[in-house]
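Residues 44 to 188 in my numbering are what the sequence shown lists, from first letter to last. All C-beta atoms, glycine included, are put in the ideal place defined by N, C-alpha and C. Values in this document were obtained by computation on a predicted structure and should not be read as measured data. Here is the structure we will look at, set down as structure tokens.
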Amino acid sequence: MNRLKINTAEPAGYRAMIALEKYIESTELTTRHKDLIKIRASQINGCAYCVDMHTTDARKAGETERRIYNINVWHESPFFDEQERAILALTEEVTLITGRVSDETYKKAVELFDEKYLAQVIMAIITINAWNRIGVTTQLQPPLN
């Protein structure tokens with residue numbers, strides 16, 4: 044079944060999402076941090092389109108295959124530093140929000156990031172989750188080429 048295209052069915056809403064994405068791109072967040080957030084949330088949400096897009100972007104930005112393959116097992120992987128682990132933990136808990144964001148995860152993030160950077164991390168997590176929900180709901184598929 045062909046599902047609607049949000050950008051044509053509701054262009055004003057889509058433009059608002061694009062504006063939010065442009066805000067995220069303008070923040071102080073490192074490319075590596077943004078990529079980790081986008082990839083991990085997209086994996087959890089099962090958005091094939093976004094996983095494909097963001098792993099491709101991460102590779103172009105210099106991310107290694109080894110680290111990309113280990114994002115979904117970051118808890119057991121030695122390839123991520125303390126800040127990246129805090130971001131991945133927060134990404135998982137915000138994405139799986141029914142379990143709440145634990146005090147431990149939040150406190151760790153507060154220890155590692157100033158308020159502005161932490162706010163930007165949270166906004167990036169929220170933004171990719173919104174994109175994932177659009178992609179999954181409308182069954183966006185990555186290109187085969």
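In terms of residues, what are the limits of the alpha helix (DSSP H) holding residue i?
i: G140; result: The amino acid at residue 140 is misidentified as Gly; the sequence shows Ile. Note, I140: premise wrong, no alpha helix (DSSP H); not H, not E.
i: V153; result: D146 to L155
Could you have a look at residue i and say whether DSSP puts it in helix, strand or coil?
i: A104; result: coil
i: V174; result: Position check: residue 174 holds Trp in this sequence, whereas Val was assumed. Correct three-state label for W174: helix.
i: T93; result: Note on identity: in this sequence residue 93 is Cys, with Thr being the wrong assignment. Three-state DSSP puts C93 in a helix.
i: N115; result: helix
i: Q126; result: helix
i: K159; result: helix
i: S120; result: coil
i: L183; result: coil
i: R110; result: helix
i: L133; result: helix
i: S88; result: The question names Ser, but residue 88 is Asn in the sequence shown. Helix.
Given a threshold of 16 other Cβ atoms within 10 Å of its Cβ, counted over all protein chains shown, does residue i qualify as buried or as exposed?
i: K77; result: buried
i: G178; result: buried
i: K81; result: buried
i: R176; result: exposed
Alpha helix (DSSP H) runs contained entirely in the region 50 to 77, provided each spans 4 or more residues: The alpha helix (DSSP H) runs of length 4 or more contained entirely in the region 50 to 77 are, from start to end of the chain, 54 to 69.
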